[in-house]
Amino acid sequence: MLTIETSKKFDKDLKILVKNGFDLKLLYKVVGNLATEQPLAPKYKDHPLKGTLKDFRECT
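As structure tokens, then:
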């Protein structure tokens with residue numbers, strides 16, 4: 001299982017989402033899948049980044 005580390009920016013953004021009534025169930029589901037190294041469903045469009053961020057991935 002991978003360890004998820006969040007940045008201060010992420011924590012602030014998450015707090016704003018909660019304040020605005022955003023449902024975090026989907027976010028926690030995707031993060032849970034990433035932490036347990038399960039593949040994401042195709043609907044999340046998981047893809048590697050390019051350039052200086054080539055070691056990272058993104059899902060939309």
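Per our numbering, the very first residue in the sequence shown carries number 1; after that it's consecutive.
Ideal Cβ positions, reconstructed from N, Cα and C, are used throughout, including at glycine.
From a predicted model like this one, the values you see are computed outputs, not experimental measurements.
Quick check: the Cα distance between Gly32 and Leu24, rounded to an integer number of angstroms? 12 Å
Per-residue DSSP class, three states only, for Pro93: Here the chain covers residues 1 to 60 and nothing more, so residue 93 does not appear.
Suppose you measure from the CA of Gln38 to the CA of Lys29; what does that come to, to the nearest Å? C-alpha of Gln38 to C-alpha of Lys29: approximately 11 Å in a straight line.
Counting only the same chain and skipping the five closest in sequence on each side, list residues whose C-beta sits under 7 Å from that of Leu49. Phe56, Arg57 and Glu58
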